[in-house]
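Student:
In the numbering used here, the protein residues as written are 101 to 288.
This is the structure we're talking about:
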């Protein structure tokens, strides 16, 4: 998914970014599609958000490696890894929060599918006749997750990027605080 915005006079990719190191947008020169193709204005310059891997940069390679590690860590911990993936996509790849959050959800889905395929036929370590995955618990947890996803998608479309970023930072800060408090109780 890409958002198109007309550039003033872009000639290179750096003209579209907020800074020279911003690689999240590219300058694309297109032939004008107007009904009256005037020789005076045959081309238009359009800023488009960079495709995920086109051009493939060293930041993309690093982000792919870190996303794999984050998904593996999140899958092993049972939390998915969204708290690691969203900041990674924002800071390293340069995506906006409106694009980083859905991409992290897709990454988490891929990790969850791989984990499911690995654990599908395994049995519980203490009760060999029971499956390792508690399907009844998953069936109870999924409806609230879907309702939350529906509202999240609606808010993602309604709220500006800066508000989504502030809400994300607040949520991750609160989650980190609660995790540290629980860790202190367990440790002492």
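We treat Cβ as the ideally placed atom computed from N, Cα and C, and that holds for glycine.
None of these values were measured; they are calculated from a predicted model.
Tell me whether residue 250 is buried or exposed, calling it buried when 16 or more other Cβ atoms sit within 10 Å of its Cβ.
Tutor: By the 10 Å Cβ count, residue 250 comes out exposed.
Student: Helix, strand or coil: which one does DSSP assign to residue 207?
Tutor: helix
Student: From the DSSP output, read off the bridge partner residues of residue 125.
Tutor: Residue 125 pairs with 149.
Student: Less than 9 angstroms between the C-beta atoms of residue 167 and residue 185, yes or no?
Tutor: yes
Student: Run the CB neighbour count on residue 125, radius 10 Å, all protein chains shown included, and call it buried at 16 or more, exposed below.
Tutor: Flag for residue 125 reads buried.
Student: So, helix, strand or coil for residue 197, using DSSP?
Tutor: helix
Student: What's the C-alpha gap between residue 242 and residue 277?
Tutor: 26 angstroms
Student: On the DSSP letters alone, give me the boundaries of the alpha helix (DSSP H) that residue 293 sits inside.
Tutor: The displayed coordinates of the chain run from 101 to 288. Any statement about residue 293 would go beyond what the structure contains.
Student: Closest by CA to residue 146, which one among 155, 212, 129?
Tutor: The candidate whose alpha carbon is nearest that of residue 146 is 129.
Student: Report all residues from its chain with a CB closer than 6 angstroms to the CB of residue 200; omit the five preceding and five following residues, and keep chain order.
Tutor: Excluding positions up to five away in sequence, the list reads 186, 189, 190.
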